[in-house]
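If you're matching positions, the sequence shown starts at 326 in the working numbering and goes up one per residue. Working notes for the structure below.
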Amino acid sequence: MQVYGIVVFLILFLIIAPDTYLYFRFMRKSVSRSVCVLHWIICAFFALYTTFILMNVNNIYSPETVCQLMTFVATLGAIYFPKLIFSNFDLFYNLTKRRWKRLHYWGYFLAAISFVLIMHAIHFGKFKFGKGEYTVEIENLPESFDGYKIVQVSDFHLGSFSKAMVRVEPLFNMLKEEDADLVVFTGDMVNTFPEETLGWDSLFHTIPSKDPKLGIMGNHDHTPYFRWSSPEVKEANSKKIEASIERLGFKLLKNENHVIRRGNDSIVISGLDYSNGRKRHIIPAYSNLDKCDENVSDSAIRILLMHDPTIFDDSIAGKRNYALTISGHTHSAQIGFIIGSFKWSPAHIRFKYCDGQYFVGKQCIITSRGVGCVGIPARLGMTPEYEVITLKKKRQ
């Protein structure tokens, strides 16, 4: 897990700046010395403990500890983000010589609202499972596949649920009710460790699929965000994650194809290993589209599973004959808003194909916001969901 200096600075600023402002604005002359001392002890505790955690994050070798770290960061945000909001409003109120008195009240109001929203996102938002439904019309789709139902699940990040199987069980009940022809998993089963999958077998094995369940590896499944003692240890951990995904019931496709047949008809599902669209040096690309093309006829109806949607324009659209590409990875930033058919999150700034269904010519890409959390165990607005994709034969 990589931690950058700017992250440390921003978190410390979030802690120290509002506490310093509140002390000089409200406490220095109006509360007892003991209360002031307690105020600075609490501030120092959060600042020093946060710095200690961030500086030692690469020594964390347990999924439980990672989850505790994420919970601490979320709690920190719930306490200090409202303080930061109020401090900014109150500062502006004073700079304008108190002419805009309503600003003061807005500061109180928005600070309270932000606290409630953060707590809701942590304790309820990440468990508010839903589904997206899409229809994809494909020319020359065999009649026996007209109405074929694919259920996509992506980005579980099981360690972020902290073994809260009871809270996640409704998701699996929803998946059971879909009675899918095919269930596909598009990467990031874990955050870092294979042990995150322990205890989940019974739930995963309840997911029905008429055809074998298929899956691919995501960036977290290759564990690049951790400073391993050696490349061999990192590779061994990744292999254990592969075995864990297969133990949960998915056939892994690593730049491979799987043919699904209905009588004399067939479609080809290609699974692309993690493709690093951003080309960051800490995350090597494991993908090989040429291998996915081997022994596949040009006339075949093809569907591609890939984790990162950022390579779609450069490598897929107009270049390879995939009628449908199914991806995940973005989480839709785990925060945003949806108004009718319009949706926006910070992830839309970074990802062209962020959340939902998109078309480039006759080719379609569907990106799932996923069912899990990474970083902060919370979702606000962009609730977790799986996708139900129905294939239809395009009529003239």
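Just so you know, even glycine gets a beta-carbon here, dropped at the ideal spot from N, CA and C.
So what's residue 390 in DSSP terms, helix, strand or just coil?
-> Translated into positions along the sequence shown, residue 390 becomes position 65. In the structure shown, residue 390 sits in a helix (DSSP, three-state: H, G or I).
Are residue 601 and residue 633 close, meaning C-beta to C-beta below 8 Å?
-> Your numbering for residue 601 matches position 276 in the sequence shown. Your numbering for residue 633 matches position 308 in the sequence shown. Result yes, Cβ atoms of residue 601 and residue 633 sit closer than 8 Å.
Roughly how many angstroms lie between the CA atoms of residue 488 and residue 528, to the nearest whole one?
-> The sequence position of residue 488 within the sequence shown is 163, counting from 1. The sequence position of residue 528 within the sequence shown is 203, counting from 1. Approximately 12 Å between the Cα atoms of the pair.
Going by DSSP, which residues form a beta bridge with residue 560?
-> Taking the sequence shown and counting its residues from 1, the one referred to as residue 560 is at position 235. Per DSSP, none; premise fails for residue 560.
Three-state secondary structure (DSSP) at residue 506?
-> For the purposes of this step, residue 506 is taken as residue 181 along the sequence shown, with counting starting at 1. Note: residue 506 maps to coil in three-state DSSP.
Any contact of the stretch 637 to 655 with the stretch 575 to 582, i.e. 3+ C-beta pairs under 8 Å?
-> no
For residue 553, which three-state DSSP category applies?
-> For this step, residue 553 is matched to residue 228 along the sequence shown. Coil at residue 553, not helix or strand.
Hey, which unbroken runs of the alpha helix (DSSP H) at 4 residues or more fall wholly within the stretch 474 to 523?
-> 490 to 503
Residue 479 burial status per 10 Å Cβ neighbour count (16 or more: buried) = For the purposes of this step, residue 479 is identified with residue 154 of the sequence shown, where counting begins at 1. Residue 479 should be labelled buried.
Option nearest residue 395 by Cα separation, candidates 703, 716, 417 | Here residue 395 refers to the residue found at position 70 when the sequence shown is read from its first residue. If we check each option's Cα against that of residue 395, 703 comes out closest.
For the beta strand (DSSP E) that contains residue 590, what are its first and last residues?
-> By one-based count along the sequence shown, residue 590 stands at place 265. Run containing residue 590: 590 to 596, per the beta strand (DSSP E) assignment.
Does the separation of the CB atoms of residue 519 and residue 566 fall below 8 Å?
-> In the sequence shown, the residue the question calls residue 519 occupies position 194. In the sequence shown, the residue the question calls residue 566 occupies position 241. Yes, the pair counts as a contact, with Cβ atoms nearer than the cut-off.
For residue 627, the residue or residues it bridges with in DSSP = As a first step, residue 627 must be located in the sequence shown, where it is residue number 302. DSSP output for residue 627 lists 593 as bridge partner(s).
May I ask you to list the residues that DSSP assigns as paired with residue 410?
-> Counted from its first residue, the sequence shown places residue 410 at position 85. DSSP output for residue 410 lists no bridge partner at all.
Is residue 482 near residue 698, with beta carbons less than 8 Å apart?
-> Within the sequence shown, residue 482 is the residue found at index 157, counting from 1. Within the sequence shown, residue 698 is the residue found at index 373, counting from 1. Yes. Within cutoff.
In three-state DSSP terms, what is residue 692?
-> Position 367 of the sequence shown, counted from the start, is the residue given in the question as residue 692. Of the three classes helix, strand and coil, the one that applies to residue 692 here is strand, per DSSP.
Selection from 390, 572, 465 that minimises the alpha carbon distance to residue 526 | Start at 1 with the first residue of the sequence shown, and residue 526 comes out as number 201. Of the listed residues, the one whose Cα sits closest to residue 526 is 572.
Determine the contact status of residue 391 and residue 450, defining contact as a CB-CB distance below 8 Å.
-> The sequence position of residue 391 within the sequence shown is 66, counting from 1. The sequence position of residue 450 within the sequence shown is 125, counting from 1. No, Cβ-Cβ distance for residue 391 and residue 450 is not below 8 Å.
Please report how far the alpha carbon of residue 596 lies from the alpha carbon of residue 349, in whole angstroms.
-> What you label residue 596 is simply residue 271 of the sequence shown in a count that begins at 1. What you label residue 349 is simply residue 24 of the sequence shown in a count that begins at 1. If you take the alpha carbons of residue 596 and residue 349, they lie about 58 Å apart.
Which residue comes first and which comes last in the alpha helix (DSSP H) that contains residue 583?
-> Numbered from its first residue, the sequence shown carries residue 583 at position 258. It is not in any alpha helix (DSSP H) - residue 583 instead sits in the beta strand (DSSP E) that spans 581 to 587.
Within 10 angstroms of the Cβ of residue 411, are there 16 or more other Cβ atoms? Answer buried if so, exposed if not.
-> Taking the first residue of the sequence shown as position 1, residue 411 is located at position 86. With 16 or more other CB atoms across the displayed protein chains lying within 10 angstroms of its CB, residue 411 is buried.
Segments of 4+ residues assigned as alpha helix (DSSP H) that fall wholly inside the stretch 622 to 690 = 672 to 675
Given that a residue counts as buried once 16 or more other Cβ atoms are within 10 Å of its Cβ, and exposed if not, what is residue 657?
-> The residue given as residue 657 occupies position 332 in the sequence shown. Buried.
Between which two residues does the alpha helix (DSSP H) carrying residue 723 extend?
-> Any question about residue 723 goes unanswered here, given that the chain covers just 326 to 721.
For residue 554, count neighbouring Cβ atoms within 10 angstroms of its own Cβ and tell me buried if that reaches 16, exposed if not.
-> Residue 554 sits at position 229 when you count from the first residue of the sequence shown. Classification of residue 554: exposed, given that the 10 Å Cβ count is below 16.
Given residue 507 as reference, the closest of 496, 477, 498, 530 once Cα atoms are compared = Locating residue 507 in the sequence shown gives position 182, counting from the first residue. The candidate whose alpha carbon is nearest that of residue 507 is 477.
Segment contact, 8 Å Cβ cut-off, at least three pairs: the stretch 457 to 469 with the stretch 495 to 515 | Judged by Cβ distances under 8 Å, the stretch 457 to 469 makes no contact with the stretch 495 to 515, as fewer than three pairs qualify.
Below 8 Å, can you find three or more Cβ-Cβ pairs linking the stretch 400 to 417 to the stretch 429 to 437?
-> yes
Hey, out of 537, 359, 617, 400, whose CA is closest to residue 631's CA?
-> Residue numbering aside, residue 631 sits at position 306 when the sequence shown is read from its first letter. Closest option to residue 631, Cα to Cα, is 617.
Kindly indicate which residue of 393, 361, 397, 352 has the alpha-carbon position closest to the one of residue 371.
-> The count along the sequence shown starts at 1 and reaches residue 371 at position 46. Of the candidates 393, 361, 397, 352, the one whose C-alpha sits nearest the C-alpha of residue 371 is 397.
With a CB to CB cut of under 8 Å and the five nearest residues on each side skipped, what residues in its chain are close to residue 408?
-> Within the sequence shown, the letter at position 83 stands for residue 408. Taken in chain order, the residues that qualify are 343, 344, 347, 436.
Exposure label - residue 360; buried when at least 16 CB within 10 Å = By one-based count along the sequence shown, residue 360 stands at place 35. Exposed.
DSSP three-state call for residue 439: helix, strand or coil?
-> Taking the first residue of the sequence shown as 1, we reach residue 439 at position 114. Reduced to three states, the DSSP call for residue 439 is helix.
In chain order, what residues of the same chain lie with their CB nearer than 7 Å to the CB of residue 708, ignoring the 5 residues before and after it?
-> Counted from its first residue, the sequence shown places residue 708 at position 383. These residues qualify, in order along the chain: 450, 453, 455.
By a C-beta neighbour count over all protein chains shown, 10 Å radius and 16 as the cutoff for buried, is residue 380 buried or exposed?
-> Counting from one through the sequence shown, the residue named residue 380 turns up at place 55. Burial call: exposed.
Helix or strand or just coil, what does DSSP make of residue 599?
-> Position 274 of the sequence shown, counted from the first residue, corresponds to residue 599. In this structure, DSSP gives residue 599 a state outside helix and strand, which the three-state scheme calls coil.
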